[in-house]
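**Q** So in the working numbering, spot 563 of the sequence shown is number 563, and the numbers just go up one at a time. Ideal Cβ placement from N, Cα and C applies to all residues, glycine included.
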Amino acid sequence: RSGGSVLVQTALALSLLVGVLVGTELGWLFYLKREMQKAVDLAALAGAQALATTDCAGARAAAVANAALNLPAGLPLVAGDVDCGRWDPATYAAPTYYGVPGSGQAPNAVTVTMRRTPALLMPNLPGAQPRVVEVRALAARRQPRAALSIRSTLASVDATRATLLNAVLGGMLGGTLALDAVAYSGLATGRLQLLGYLDQLAVTLGLAAGNYDQVLATAVPVGTLLQAAATALTRQGDTAQATIGALDALRLAANVPGAQPLVRLGSLIKVQSGTPAAALAVDLQVLQLVEGLVQLANGSNGLVASVPVTGLNLNLIRATIDTRVVEPPQLSAIGDPGLAKRDPSGPNAIAVRTAQVRTLITVELPLLTGIATLANALSSALGPLRSTLASVLNLNLADVAACLVQCTNQPIQDAVFLSPNVRIDIHLEAGGGASRVTDFNCANPAATSLTARTTTTAATLRIGSFGGTLAQAKAQVFGSAAMPVVASLPLLDVGAKVCTKVLLGVVTTCGSRIPFYGGGLALKGDLTFGATTLDQAFANPPDVRAEPAWLAISTLNITDSIGQTLRSAATLLQPVPPTGPTGTTANTTPGVLAAVVSALGGVVAALGTVVSGVLAPLVDPLLNTVVRDMLGLDLAKTEVGGRLGCASGAELVF
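1. Ends of the alpha helix (DSSP H) at residue 83?
2. Using C-beta distances below 6 angstroms, list every residue in its chain close to residue 576, excluding the 5 sequence neighbours before and after it, in chain order.
3. List the residues that DSSP assigns as beta-bridge partners of residue 201.
4. Exposed or buried, residue 12, counting other C-beta atoms within 10 Å across all chains shown (16 or more means buried)?
5. Short check: CB of residue 323 to CB of residue 305, under 8 angstroms?
6. Near residue 574, which residues of its chain fall below 8 angstroms by C-beta distance, leaving aside the five closest residues on each side in sequence?
7. When you compare each of 462, 266, 103, 333 to residue 359 by their alpha carbons, which one comes out closest?
8. Any idea what DSSP makes of residue 263, helix, strand or coil?
9. Whose C-beta lies closer than 8 angstroms to the C-beta of residue 298 among residues of the same chain, with five residues either side of it excluded?
10. Might you give, ordered along the chain, the residues of its own chain that have their beta carbon closer than 7 angstroms to the beta carbon of residue 85, omitting 5 neighbours on each side?
11. Tell me the residue span of the alpha helix (DSSP H) that contains residue 360.
12. Following the continuous alpha helix (DSSP H) through residue 339, name the residue where it begins and the one where it ends.
13. How would you write the range of the alpha helix (DSSP H) that residue 287 sits in, first residue to last?
14. Between the C-alpha atoms of residue 423 and residue 460, what's the straight-line distance to the nearest angstrom?
15. Counting pairs of Cβ atoms below 8 angstroms between the stretch 135-155 and the stretch 41-53, do you hit three or more?
16. State whether the stretch 422-441 contacts the stretch 338-354, with contact taken as three or more CB pairs (one from each stretch) at a distance under 8 angstroms.
17. What would DSSP say about residue 553, mapped onto helix, strand or coil?
18. I'd like the ranges of any alpha helix (DSSP H) spanning at least 4 consecutive residues and lying wholly in the stretch 463-495.
19. Cutting at 6 angstroms between CB atoms, please list the residues of its own chain near residue 227, excluding the five before and the five after it.
20. Taking the CB atoms as reference points, tell me whether residue 271 and residue 340 lie closer together than 8 angstroms.
21. How far does the alpha helix (DSSP H) with residue 63 in it reach, from first residue to last?
22. Touch check for the stretch 196-209 and the stretch 222-237: three-plus C-beta pairs under 8 angstroms?
23. Reducing DSSP to helix, strand and coil, say where residue 270 ends up.
24. Are residue 639 and residue 552 closer than 8 angstroms when you measure CB to CB?
25. Which residue's Cα is closest to the Cα of residue 428: 464, 449, 143?
26. Taking Cβ positions, are residue 88 and residue 113 nearer each other than 8 angstroms?
27. Considering only the beta carbon of each residue, do residue 476 and residue 468 sit closer than 8 angstroms?
28. Measure the alpha-carbon distance for residue 264 versus residue 234 and round it to whole angstroms.
29. Just the Cα atoms here: how many angstroms apart are residue 659 and residue 207?
30. Taking only runs that begin and end inside the stretch 149-229, name each unbroken alpha helix (DSSP H) of 4 or more residues, in chain order.
31. Since residue 254 is in the alpha helix (DSSP H), which residue starts that stretch and which ends it?
32. From what residue to what residue does the beta strand (DSSP E) around residue 579 run?
33. By how many angstroms is the C-alpha of residue 343 removed from the C-alpha of residue 213?
34. Which same chain residues, not among the five before or five after residue 32, have their C-beta less than 7 angstroms away from its C-beta?
35. Measuring alpha carbon to alpha carbon, tell me which of 540, 92, 262 ends up nearest residue 446.
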């Protein structure tokens with residue numbers, strides 16, 4: 001009985017011993033695999049740092065020599081385990097993004113693949129079988145990183161601008177805002193760390209940490225993006241109550257039912273695929289981020305914001321300003337300038353732009369002051385015009401005393417200026433500016449450079465009429481993404497009535513007045529300003545993690561250019577062709593138009609003076625409100641920021 005007990009205990013002990021030995025063998029294999037992985041990681045890094053642009057010999061030698069210092073005995077790395085190729089997330093498939101370099105491309109990465117069958121620690125152990133251990137590492141030369149930003153130079157917000165921003169931002173979101181100047185100043189001076197913001201947004205959305213491509217591509221409500229910004233600011237130590245409170249108020253305005261479009265942060269901040277997290281350590285101005293998010297939302301919800309009018313005597317006129325975003329901005333872009341240089345407009349472009357904003361200004365004027373002074377000019381102009389029209393339009397203007405029998409179809413001219421309370425419509429399409437990386441130089445660390453091609457899209461100004469009513473004008477301007485068509489606004493109508501006269505020229509009956517029988521004058525403008533293209537060079541730009549170097553996007557002041565045009569309003573006056581018959585046809589001939597223009601030359605000059613004297617003082621402050629104060633659209637006050645990190649060495653990418 002005692003012997004059986006010993007056998008059982010011995011069997012149990014042997015089983016435990018076998019288990020320990022097997023575990024030891026497996027542990028040895030895992031240890032070898034870990035050591036081999038560390039060795040090939042270091043070998044790949046060494047090879048990538050020694051990589052030449054023409055061949056792989058130097059990289060192979062460096063990798064083999066480095067592995068010899070780190071691999072366990074009996075497991076050498078050979079040259080055949082090392083390969084050179086190209087790592088490019090934009091060209092090759094995931095997960096390695098590695099492949100053979102294309103024509104004209106140099107290798108930029110080294111891969112080390114080691115497949116070995118290490119000796120067993122206890123080869124005589126029953127059931128022990130050799131096992132294959134395979135490890136792989138991929139290292140790429142660290143690529144330079146460039147970042148572009150675009151901003152308005154608006155640094156402070158007073159009470160007037162705060163009121164305007166409340167109306168614009170609230171209206172574009174579909175809600176209301178009541179932020180004061182202190183809150184906006186806090187937003188203007190606040191800085192949000194992009195990396196921390198993306199991390200917080202990933203937590204808010206329940207996404208995997210570090211997957212920034214997914215965070216940027218996820219469609220979310222604007223309110224969620226604003227809430228994540230407030231949380232990220234608090235976590236980074238910015239506890240200014242005015243800033244946090246302003247973001248919370250904006251979040252509430254963005255959560256209006258029925259006006260909550262889903263937007264992607266990547267539409268506002270572009271990051272090239274494969275960009276390492278370290279390159280995202282940049283700061284964003286909070287007010288700029290807020291305006292960009294609001295404009296991004298407005299580009300989707302199509303709401304029209306009404307802006308309060310300031311700087312005018314509202315007891316004399318009525319004016320309205322309405323605006324909406326046609327194309328949202330892109331505030332910041334980060335990526336490899338080498339990829340951007342290859343195709344500056346392609347999917348790897350590093351490009352920024354301001355918003356394209358469409359605005360409708362309507363001004364309802366009283367009877368133009370100074371019209372009475374035109375009476376003499378008009379009277380003297382109609383004298384020669386009467387005989388001109390008589391010959392060209394077949395008008396029977398014989399002396400009435402010679403009409404001894406009944407005379408019919410006797411056109412009698414009269415001139416009518418525009419009626420009181422006329423409405424002038426002004427459409428402004430602020431195309432803004434854009435900039436994209438086209439070249440860079442990292443060859444000399446002491447003389448680096450970044451080149452960006454900056455273009456300013458022509459701002460379009462149309463003056464005239466977009467409809468008989470204000471509602472029709474809004475529908476014409478904002479109802480479609482297509483450019484609205486402006487119609488002439490009549491100012492002077494040389495019309496006529498066809499009357500029947502009897503003996504001694506006494507008028508007995510007259511028909512309805514025929515407008516523009518002898519032509520007239522109308523106000524119409526279709527003007528463009530500010531289209532430019534230039535290359536901007538940033539000499540020794542700061543690193544991507546530092547504050548950018550800023551360059552002005554344009555020296556052109558749009559409001560000054562438009563104001564100068566309005567102050568010479570005679571150039572906006574156009575002749576209206578006569579509607580009266582010409583001989584045997586009803587078609588207007590060029591001769592009639594030339595006659596009208598020539599005869600009314602003095603009236604054009606005089607009326608232009610009156611219009612410019614009234615229109616320019618009215619529109620100037622309105623344009624300043626829209627272009628300068630409202631959304632910072634004045635290109636003369638917009639800057640492009642450039643940063644460049646010419647990193648050296650290599651990094652593991654797989």
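**A** Taking the coordinates as given:
1. No alpha helix (DSSP H) holds residue 83; the beta strand (DSSP E) holding it covers 82-87.
2. Same-chain partners within the cutoff: 516, 519, 520, 522.
3. According to DSSP, which records beta bridges pairwise, residue 201 is partnered with nothing at all.
4. Around the CB of residue 12, fewer than 16 other CB atoms lie within 10 Å, so the residue is classed as exposed.
5. If you check the CB distance, residue 323 and residue 305 come in under 8 angstroms.
6. These residues qualify, in order along the chain: 488, 521, 522, 523, 524.
7. For residue 359, the closest alpha carbon among the candidates 462, 266, 103, 333 is that of 462.
8. DSSP places residue 263 in strand when its eight states are reduced to three.
9. When the five nearest sequence neighbours on each side are left out, the beta carbons in the same chain lying within less than 8 angstroms of the beta carbon of residue 298 are those of 172, 173, 305, 324, 325, 328, in order along the chain.
10. The beta carbon of residue 85 lies closer than 7 angstroms to those of 98, 99, 100, 101, 107, 109, 111 in the same chain, with the five residues before and after it left out.
11. In the DSSP assignment, residue 360 falls outside any alpha helix (DSSP H) and lies within the beta strand (DSSP E) extending over 356-364.
12. The continuous alpha helix (DSSP H) containing residue 339 extends over residues 337-342.
13. 286-301 is the span of the alpha helix (DSSP H), which, as asked, contains residue 287.
14. Going by the C-alpha atoms only, they are around 20 angstroms apart.
15. Between the stretch 135-155 and the stretch 41-53, the count of C-beta pairs closer than 8 angstroms reaches three or more; the two stretches touch.
16. Result yes; three or more Cβ-Cβ pairs closer than 8 angstroms.
17. Coil, per DSSP.
18. As summarised for the stretch 463-495, the continuous alpha helix (DSSP H) elements at least 4 residues long and confined to that stretch are 470-478, given in chain order.
19. So the qualifying residues of the chain are 251.
20. No, Cβ-Cβ distance for residue 271 and residue 340 is not below 8 angstroms.
21. DSSP places residue 63 in the uninterrupted alpha helix (DSSP H) bounded by 57-68.
22. Because the criterion of three Cβ pairs below 8 angstroms is met, the stretch 196-209 and the stretch 222-237 touch.
23. DSSP places residue 270 in strand when its eight states are reduced to three.
24. For the pair residue 639 and residue 552, the CB atoms are nearer than the 8 angstroms cut-off.
25. If we check each option's Cα against that of residue 428, 464 comes out closest.
26. By the CB criterion at 8 angstroms, residue 88 and residue 113 fall outside the cutoff.
27. Going by C-beta atoms, residue 476 is not nearer than 8 angstroms to residue 468.
28. Near 23 angstroms, if we compare the C-alpha coordinates of residue 234 and residue 264.
29. Residue 659 lies beyond the range of the chain shown here (1 to 654); nothing can be said about it.
30. List check, alpha helix (DSSP H) in window: 159-173, 181-189, 194-205, 212-217.
31. Where residue 254 is concerned, the enclosing alpha helix (DSSP H) stretches over 241-254.
32. That residue, residue 579, is in no beta strand (DSSP E); it is neither H nor E in DSSP.
33. If I take the Cα positions, the gap works out to 21 angstroms.
34. 72, 118, 133.
35. Of the candidates 540, 92, 262, the residue whose Cα lies closest to the Cα of residue 446 is 540.
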